[in-house]
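Protein sequences appear in the order of chains A and B. Quick note on this note's numbering: the first sequence kicks off at 1216 and runs consecutively. Quick note on this note's numbering: the second sequence kicks off at 3 and runs consecutively. Take a look at the structure set out below.
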Amino acid sequence: MNRLLARRFAGNSCLVRVPWRSFCDAAAVNSGTAQAKHAEKQRLTSHSEEYDVAIVGGGMVGMAVACSLASMSLTKHLNVAIIDSNPALVNGITIKKEDPPDPRVSTVTPATISLFKEIGAWEYVQQHRHAYFDKMQVWDYTGLGYTRYNARDVSKEVLGCVVENKVLQSSLLSCIQNADIRKTVFPARLTSMNLNPSSIPTELNGTSSTSPWRGFARLELSDGTCIHAKLVQVGADGSKSNVRELSGFKTTGWNYAQNAIICTVEHTVENNCAWQRFLPSGPIAVLPIGENFSNIVWTMSPNESSELKSLTESDFIKSVNHALDYGYGPHPKSSSARDGDLSWFGAGLTSSAGEGFTVPPRVVRLASERMVFPLSLKHANSYVAKHVALVGDAAHTVHPLAGQGVNLGFGDAFALSRVIGEGIAVGSDIGEVSLLRRYEAERRPANIVMMAILDGFQKVYSIDFGPLNIVRAAAFNAANYFSPLKRNIISYASGEQRLPLFT
Amino acid sequence: MASKLLRRVLIVSDRSPRPSSRSLPGFTSSRLFSSSNSQPLPATASSPPPPPTTVDPPSSSSASKFGSKIRNDSVRSSIKDPELAKFSAIADTWWDSEGPFKPLHLMNPTRLAFIRSTLCRHFRKDTNSARPLEGLKIIDVGCGGGILSEPLARMGAVVTGIDAVDKNIKIARVHADLDPGTSNIEYSCTTAEKLVEEQRKFDAVIALEVIEHVANPAEFCKSLSALTTPGGATVISTINRSMRAYATAIVAAEYILHWLPKGTHQWSSFLTPEELALILKRASVSVKEMAGFVYNPLTGRWSLSDDISVNFIAFGTKDGQ
Ligand SMILES: Cc1cc2nc3c(=O)[nH]c(=O)nc-3n(C[C@H](O)[C@H](O)[C@H](O)COP(=O)(O)OP(=O)(O)OC[C@H]3O[C@@H](n4cnc5c(N)ncnc54)[C@H](O)[C@@H]3O)c2cc1C
Ligand SMILES: C[S@@+](CC[C@H](N)C(=O)[O-])C[C@H]1O[C@@H](n2cnc3c(N)ncnc32)[C@H](O)[C@@H]1O
């Protein structure tokens, strides 16, 4: 399988002028040192290459940029470099059907699903485990209220789909491997970057300081390779983005002094509902992930999280079941269902008033390790500069409440490639900042809205109002809380903001 | 919308007297049409209109300053030296998107969208292609620093850029060489008249924001037409001679926003869309499509519209095949 992938990659890359250089590393792993030596020699002698787009970070978002560029008629001619030391990019990702679900999952919204369909990646997702859900129940520990949502009520088939991150990643990888685009994978890390390498002829005196001369950005990689690109994207060098630091973007953000525990659990029955209960120290979410499995994201103080992580499996399961049932407070009365409006799922949901409160299916087994990570919120103060655009976690990191992180990143990926396409249509230089600003103008406000919602949610639910819990319950009446933002989110989520320039 | 506009344009040209251009010496916009637009000219724009047809006698110093290659008067008849001096003074700033040419940078995607769709339709090119202008020879007359020439080259056209200011051409050359996609542009410091003399022909002749700076717009249009192959296309954009254009293009852009150096434009030498269509018609170019540009200060973007009262762009085809 690995061999095959590597070879297929190499086959594709024949379109590129010095293509196999970057793949021989993968091949060398399999076929011995002679080739490896040859590869080394090649690298030393090879001159620097020019690319239209360099994607630094081949995570989910970076790969989505590549797939999206490959899928549009105006961008599929671009010569793309993907830089990531993750060997999966060359060797592929093996997903065994019998493996239990990975705890890292994403709740993809209907908007993301339709974007995946557009670029042809959804068919690969469907070959693996994924779980659509059509119901959602949100309640809190005070027993004052609960809200249920049903896709039927809004004449939708699903509210979302929970997919393991590795499935999303491998689907995008398959998609780009089969795409007809010139691409080269560099299995290395970005080490330095020069955004203005071209110097200005002295004959035109005085222009150097005032004129933003273009040219190409120069990238140096950990294996000594050097490439030039018109546009560098931090596809996803993730939340600790190197490109972001190297290009001097500032970020705003804070830590919540809260941690999230994530893990996979098993029930005795299939779960097809997303559950979220707000507890005194943070929310616990149970997302269906296919068969009898669910994914748990449980937010709490750092102390509590280390305690819970060190519990035995059976004690941990007890705590989970407790938290989802009578722990911390009573069940809400069935008559107290409220009108709710959970717009972050992009579906403009209203609650199903008729449906009674339900206790989630009991957890019987832990099916993965427990992973703990701190909650933080980080947002780049600007997304673009000459030759650079940030996408995904490099631009914004949100806590995983509602599993929105990567949807924002996918939104970025598709918006950026669309803007690139619009620029190409009118002959723009795709590294030009005035073009890239259009991407920023589209995505920054949308991401800020989403981050504000998640942050607000976080704030409201991480403070114990004591006797004033009724206040929280009022805030929990989500319709009040979200309505002004809803339109924004829906328009952003619909992803239908194409410029009808040439129709 | 375009066709409605066109009808208006055609009516105007039908009603107008059709003297042969020879019998109408001094066919400059300011002369022929200023009577119909009798608002008093604001003081700031009241520098006297240039004397009809007489070309400013090129002083030897200015001739060498603006292009020593162009000596012969007949091949520099469109040149208005004071205009060129203005551009020469700010030539360094062509590629500073926040500098004096900011409006051109901002407008560029919009006017290119117009050019792309009209040329694709006329020459039956594939609009889904990244290089739809492949196979077309295009000349950008008054190219300045190459703001328009470069995108045209990236869209696949074989581009020639000419400008009467030598400094502009030098800047354009250096800048185009930074990108392999634009380095094949042919730049030259010359005039349209000179190329007519050399019998050069192009599939499309484009002169954006130039005609308001030339000495004799009618003669200039004739030169553009002469450079266009029969059945080819001519595209011109300029500022309308309307009160709104005065307010936005001169007062706002030059005096309030300081986008443009004061004195960049002379209101009296602006053409109305009807006048432009008329002088093009006389030069055997039929205007087929026209659109306005409107600026949205909130988004900082320009868009195409049917409001041609300030900035407009016209696409015409050269008669005969
Ligand atoms: C523990 C954890 C759990 C999470 N759980 C959820 C969840 O349940 N739901 C959810 O929606 N989101 C979750 N998130 C967030 C989600 O994973 C991110 O939003 C998403 O992965 C962002 O994708 P990305 O492509 O922007 O970045 P990443 O996935 O971080 O990808 C970054 C890529 O860049 C590469 N890279 C880094 N530096 C360099 C360099 N210098 N040169 C070259 N390549 C480089 C890395 O190898 C990597 O492949 C979680 C995050 C973490 C850390
Ligand atoms: C406002 S600029 C427009 C530049 C360019 N066409 C654009 O739209 O981006 C006008 C340009 O026309 C040039 N120009 C003025 N008169 C000219 C003439 N008679 N022949 C050629 N170029 C001329 C000036 O030097 C200047 O560069």
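A virtual CB, placed ideally from N, CA and C, is assigned to each residue, including glycine. Since we're looking at a predicted model, the values are computed, not measured.
Check each candidate in the options and name the one with the smallest Cα separation from residue i.
i: A:D1720; options: A:V1276, A:F1625, A:E1264, A:L1293; result: With chain A represented from 1216 up to 1718, any question about residue 1720 of chain A goes unanswered, as that position is not in the structure.
i: B:F295; options: B:T319, B:R284, B:F116; result: B:F116
i: B:I164; options: B:E195, B:D98, B:C191, B:S307; result: B:C191
i: A:L1405; options: A:I1298, A:S1591, A:S1521; result: A:I1298
i: B:D94; options: B:G148, B:N130, B:A155; result: B:G148
i: A:F1493; options: A:W1513, A:N1507, A:F1508, A:C1478; result: A:W1513
i: B:T236; options: B:S286, B:D181, B:S90, B:V176; result: B:S286
i: A:C1376; options: A:I1328, A:D1540, A:K1312, A:K1445; result: A:I1328
i: A:T1290; options: B:R123, B:P134, B:M109, B:K127; result: B:P134
i: A:L1605; options: A:R1653, A:P1575, A:E1379; result: A:R1653
i: A:G1273; options: A:T1573, A:L1592, A:H1546, A:G1453; result: A:G1453
i: B:S305; options: B:P153, B:R113, B:V167, B:D179; result: B:R113
i: B:V198; options: B:P182, B:G183, B:L229; result: B:L229
i: A:K1601; options: A:L1446, A:A1595, A:G1358; result: A:L1446
i: B:N130; options: A:T1527, A:I1532, A:S1520, A:V1641; result: A:V1641
i: A:A1656; options: A:S1597, A:G1358, A:N1507; result: A:S1597
i: A:C1478; options: A:A1582, A:P1503, A:G1542, A:A1285; result: A:A1582
i: A:L1651; options: A:G1439, A:V1579, A:A1630; result: A:A1630
i: A:N1393; options: A:S1321, A:N1411, A:S1286, A:H1594; result: A:S1286
i: B:P299; options: B:D128, B:P232, B:L108; result: B:L108
Quick check on DSSP: helix, strand or coil for residue i?
i: A:K1455; result: coil
i: B:F116; result: helix
i: A:Y1543; result: coil
i: A:A1582; result: coil
i: B:C145; result: coil
i: B:A316; result: strand
i: A:Y1654; result: helix
i: A:W1354; result: strand
i: A:T1425; result: With a pLDDT of only 33 at A:T1425, under the threshold of 50, the placement of this residue in the model should not be trusted; the figure read from the coordinates follows. DSSP places A:T1425 in helix when its eight states are reduced to three.
i: B:I281; result: helix
i: B:R175; result: helix
i: B:K88; result: helix
i: A:W1337; result: helix
i: A:K1371; result: coil
i: B:F103; result: coil
i: A:R1404; result: coil
i: B:F272; result: coil
i: A:F1431; result: coil
i: A:E1528; result: helix
i: B:G233; result: strand
If residue i and residue j are in contact, beta carbons under 8 Å, what's the gap, nearest whole angstrom?
i: B:H215; j: B:K104; result: Not a contact, Cβ separation roughly 18 Å.
i: B:L106; j: B:E211; result: 7 Å
i: B:S227; j: B:I187; result: Not a contact, Cβ separation roughly 23 Å.
i: A:G1646; j: A:V1276; result: Actually they are not in contact, since the Cβ atoms of A:G1646 and A:V1276 sit about 20 Å apart, beyond 8 Å.
i: A:V1280; j: A:S1632; result: 6 Å
i: A:I1442; j: A:A1296; result: 6 Å
i: A:E1264; j: A:F1431; result: Not confirmed; about 10 Å, so no contact.
i: A:V1603; j: A:S1462; result: 5 Å
i: A:G1468; j: A:S1591; result: 6 Å
i: A:T1322; j: A:L1502; result: 6 Å
i: B:S99; j: B:N218; result: Wrong, their Cβ atoms sit about 32 Å apart, outside the cutoff.
Output, in chain order, the set of chain A residues within a Cβ distance shorter than 7 Å of residue i.
i: B:P111; result: V1641, S1643
i: B:P153; result: V1641, G1642, S1643
Given that residue i touches chain B, what residues does it touch there, using C-beta distances under 9 Å?
i: A:L1289; result: N130, S131, A132
i: A:S1649; result: S99, H107, L108, N110, P111
Strictly below 7 Å CB to CB, what residues from chain B border residue i?
i: A:H1292; result: A132
Please compile the residues from chain B whose C-beta is within a distance smaller than 8 Å of the C-beta of residue i.
i: A:G1430; result: L180, D181
So which residues of chain A does residue i contact, with C-beta pairs closer than 8 Å?
i: B:R156; result: I1639, G1642, S1643, D1644
Requested in this report: Return the chain-ordered ranges of every beta strand (DSSP E) run that is complete within the segment 1281 to 1329 of chain A and spans a minimum of 3 residues.
Outcome: 1294 to 1298, 1320 to 1323
Report task. Scan the segment 1444 to 1520 of chain A and note each continuous alpha helix (DSSP H) run of 4 residues or more that stays entirely inside, going in chain order. Result -> 1457 to 1461
Query - beta strand (DSSP E) segments (min. 3 residues) lying fully within the segment 153 to 202 of chain B - result: As far as the segment 153 to 202 of chain B is concerned, its whole beta strand (DSSP E) runs of at least 3 residues are 160 to 165, 188 to 191.
**Report entry** Length-filtered (4 minimum) alpha helix (DSSP H) runs lying within the segment 1600 to 1653 of chain A
**Finding:** 1620 to 1640
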